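Residue numbers (the numbering used here): 1 to 147.
Structure, as structure tokens:
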């Protein structure tokens, strides 16, 4: 068997498949309601929606709830920035001396945080919530298969 000079191959590697995230990004882009969200809320949508699509949790009837999630995230960021810039408390001088009180915006921030936490649980965006959404051993067999 004769061995000669090795051939000079000018072949570039071909990808075996397309971008696996492309389908999820496309679904998130198709369902994005640009008329309902502001620019800062769309940034949140573009960050979260493809991940939810990948997990099978982005459906057309969930769009309003995800819009609300985006609004709450923006409000939390705005409130934290405003409170960090101004101050979280103020001083009141009364008959009992000086008292430090929380600004009313702190109560609004706490309320928005509770709403955010609820929506995180609904979409399974926290580890504990995600474990609750996974099928357990009792879900292996459907009771209605016999019918």
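Where is the CB? At the ideal position from N, CA and C, for every residue including glycine.
All of these numbers come straight from a predicted model, not from anything done at the bench.
What span of residues does the alpha helix (DSSP H) with residue i cover, start to end?
i, result
"residue 132", "127-133"
"residue 56", "Unbroken run through residue 56: none, as it is neither H nor E."
Would you grab the beta carbon distance between residue i and residue j for me? Rounded to a whole angstrom, and I think it's under 8 Å.
i, j, result
"residue 60", "residue 31", "6 Å"
"residue 76", "residue 112", "5 Å"
"residue 109", "residue 71", "That belief does not hold up - the Cβ atoms of residue 109 and residue 71 are roughly 14 Å apart, past 8 Å."
Let me know if residue i comes out buried or exposed under the rule of 16 or more other beta-carbons within 10 Å of its beta-carbon.
i, result
"residue 74", "buried"
"residue 45", "buried"
"residue 47", "exposed"
"residue 131", "exposed"
Measuring alpha carbon to alpha carbon, tell me which of the options ends up nearest residue i.
i, options, result
"residue 116", "52, 4, 131 and 69", "69"
"residue 27", "58, 43 and 96", "58"
"residue 64", "49, 76 and 77", "49"
"residue 105", "5, 84, 42 and 124", "84"
"residue 82", "95, 96, 103 and 94", "103"
Who are the near neighbours of residue i in its chain, counting only those whose CB is closer than 8 Å to its CB and skipping five residues on each side?
i, result
"residue 54", "21 and 24"
"residue 33", "63 and 67"
"residue 42", "32, 34 and 70"
"residue 124", "55, 57, 130, 132 and 133"
Less than 6 Å between C-beta atoms, sequence neighbours within five positions excluded: which residues of the same chain meet that for residue i?
i, result
"residue 120", "126"
"residue 98", "91"
"residue 129", "121"
What residues in its chain sit with their C-beta under 7 Å from that of residue i, if we drop five residues either side in the sequence?
i, result
"residue 101", "89, 90 and 92"
Could you give the residue range of the beta strand (DSSP E) that holds residue i?
i, result
"residue 110", "Taken as a continuous stretch (DSSP letters only), residue 110 belongs to no beta strand (DSSP E), being part of the alpha helix (DSSP H) at 104-123."
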